[in-house]
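A.B. asks: Each number in the working numbering comes from the position in the sequence shown (counting from 1) with 905 added on. Quick reminder that beta carbons are idealized off the backbone N, C-alpha and C, glycines included. Take this structure first; my questions come after.
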Amino acid sequence: IDKSTLSQQTLMELLINGITNKNIICGPIYGSIANFDDFSTWKNVILNENHELIEARWNFQELHGSIDLQWLPSTLTHFEIEKRGFIREYLVGTLDLSSLPESLQCLKLRGHHFDGGVSLTTLPDTLEILNIANNRLSGTLDLRSLPPKMTTLQLSINQFEGVTDFSHLPKSLTQLDISHNVDLEGVIVLEEATMFSQGLRMSRRQK
């Protein structure tokens, strides 16, 4: 399927097709009538003047099922589905970050049950914030081709492993959290009193 030929409505429907309780996103908002067939009425979405999606923030919702990130609209800049401890429902499945929108600046998917490996080598150059902490992700990490504007990378509380090369981190990076990945190894050389050194969190074994 050629993604560019699909309407944003179709893309959004494909994106949430695996979520079993879509009504949380598409249901009534403060008494107004929401329509599954009109994504502009969905909860916590922001459109630009051309009626194109630029932000979707579905944080702290009890969503269950899976999402397919390849269908994120090309105009999207912020996409967030974060979960905190008191919410018992989780999103599951793997995370394919190879086809993210070229305009994406922020992606937050913290606190679910995403599993399997994840590739960070083809992220869009525009991406500044990536938070996939507190999942069940595993495998090795390749941090040698991160986006040049990235400021925040949250990878903690997963199951990443192996020796990681930290020598090619972008200069823009100010926050890196790789803590609680007990089998992850590597050496990071820091200059004292830099913004990056103040924002770094790692497990004892990774020092």
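For L1032, which residues of its own chain have a beta-carbon under 8 Å away from its beta-carbon, when the five flanking residues on both sides are left out?
C.D. replies: Residue 1032 sits at position 127 when you count from the first residue of the sequence shown. Taken in chain order, the residues that qualify are L1005, L1009, Q1010, C1011, L1012, P1052, K1054, M1055.
A.B. asks: Looking at the structure shown, is E1118 part of a helix, part of a strand, or coil, going by DSSP?
C.D. replies: Summary: the structure shown does not reach residue 1118, with the chain confined to residues 906 through 1112, and so no result is reported for it.
A.B. asks: Let me check one thing: in DSSP terms, what residues is N1036 bridge-paired to?
C.D. replies: Taking the sequence shown and counting its residues from 1, the one referred to as residue 1036 is at position 131. According to DSSP, N1036 bridges with K1013, Q1059.
A.B. asks: Let me know the secondary structure DSSP gives G936 once reduced to three states.
C.D. replies: Counting from one through the sequence shown, the residue named residue 936 turns up at place 31. Residue placement at G936 cannot be trusted, given a pLDDT of 48 that sits under 50; the coordinates are not used to answer.
A.B. asks: Would you report the Cα separation of E994 and E985, rounded to the nearest angstrom?
C.D. replies: Here residue 994 refers to the residue found at position 89 when the sequence shown is read from its first residue. Here residue 985 refers to the residue found at position 80 when the sequence shown is read from its first residue. So the alpha carbons of these two residues sit roughly 16 Å apart.
A.B. asks: Is the separation between the beta-carbon of T980 and that of I959 shorter than 7 Å?
C.D. replies: Start at 1 with the first residue of the sequence shown, and residue 980 comes out as number 75. Start at 1 with the first residue of the sequence shown, and residue 959 comes out as number 54. Yes, these two residues count as a Cβ contact at 7 Å.
A.B. asks: Evaluate G936 with the Cβ neighbour count: other Cβ atoms within 10 Å of its Cβ, from every protein chain shown; 16 or more gives buried, anything less gives exposed.
C.D. replies: Numbered from 1 along the sequence shown, position 31 holds the residue referred to as residue 936. With a pLDDT of 48 at G936, under the threshold of 50, the modelled position of this residue cannot be trusted, and the question is left open.
A.B. asks: One question on the structure: do T1079 and S1050 come within less than 7 Å of each other, judged by their Cβ atoms?
C.D. replies: Numbered from 1 along the sequence shown, position 174 holds the residue referred to as residue 1079. Numbered from 1 along the sequence shown, position 145 holds the residue referred to as residue 1050. Not closer than 7 Å, so no.
A.B. asks: Once you ignore the five residues that flank L1058 on each side, which residues in its own chain have a CB closer than 6 Å to its CB?
C.D. replies: Indexing the sequence shown from 1 puts residue 1058 at position 153. Once the five neighbours on either side are set aside, the close Cβ partners of L1058 are L1035, L1081.
A.B. asks: Distance, Cα to Cα, G1022 vs T1045?
C.D. replies: On the sequence shown, position 117 is the one that residue 1022 refers to. On the sequence shown, position 140 is the one that residue 1045 refers to. Cα to Cα, G1022 sits roughly 7 Å from T1045.
A.B. asks: For the beta strand (DSSP E) containing E1090, name the first residue and the last one.
C.D. replies: On the sequence shown, residue 1090 is found 185 positions in, with the first residue counted as 1. Per DSSP, E1090 belongs to the beta strand (DSSP E) from 1088–1090.
A.B. asks: Three-state secondary structure (DSSP) at Q1064?
C.D. replies: Here residue 1064 refers to the residue found at position 159 of the sequence shown. Strand, per DSSP.
A.B. asks: In whole angstroms, give me the CA-to-CA distance for A910 and F1065.
C.D. replies: As a first step, residue 910 must be located in the sequence shown, where it is residue number 5. As a first step, residue 1065 must be located in the sequence shown, where it is residue number 160. Reading the sequence as shown, one finds Thr at residue 910 and not Ala. Spanning the two alpha carbons is a distance of roughly 37 Å.
A.B. asks: In angstroms with no decimal places, state the Cα-to-Cα distance between L1074 and W963.
C.D. replies: Here residue 1074 is taken as the residue at index 169 of the sequence shown, counted from 1. Here residue 963 is taken as the residue at index 58 of the sequence shown, counted from 1. For L1074 and W963, the distance between alpha carbons rounds to 30 Å.
A.B. asks: Does the Cβ of R989 have 16 or more other Cβ atoms within 10 Å, making it buried, or fewer, making it exposed?
C.D. replies: As a working note, residue 989 is residue 84 in the sequence shown. R989 comes out exposed.
A.B. asks: Taking the alpha carbon of D850 as the point to measure from, which residue in I1037, H1017, V1092 has its own alpha carbon closest?
C.D. replies: The first residue shown for the chain is 906 and the last is 1112, placing residue 850 beyond what the model contains.
A.B. asks: Assuming contact is defined by CB atoms lying nearer than 7 Å, are P978 and Q913 in contact in what I supplied?
C.D. replies: In the sequence shown, counting from the first residue as 1, residue 978 sits at position 73. In the sequence shown, counting from the first residue as 1, residue 913 sits at position 8. Yes, the Cβ-Cβ distance between P978 and Q913 is below 7 Å.
A.B. asks: May I ask you to report which of helix, strand or coil DSSP gives E985?
C.D. replies: Position 80 of the sequence shown, counted from the start, is the residue given in the question as residue 985. DSSP places E985 in strand when its eight states are reduced to three.
A.B. asks: Which word fits H1017, buried or exposed, when buried means at least 16 other C-beta atoms lie within 10 angstroms of its C-beta?
C.D. replies: Here residue 1017 refers to the residue found at position 112 of the sequence shown. Looking at its Cβ environment, which holds 16 or more other Cβ atoms inside 10 Å, H1017 is buried.
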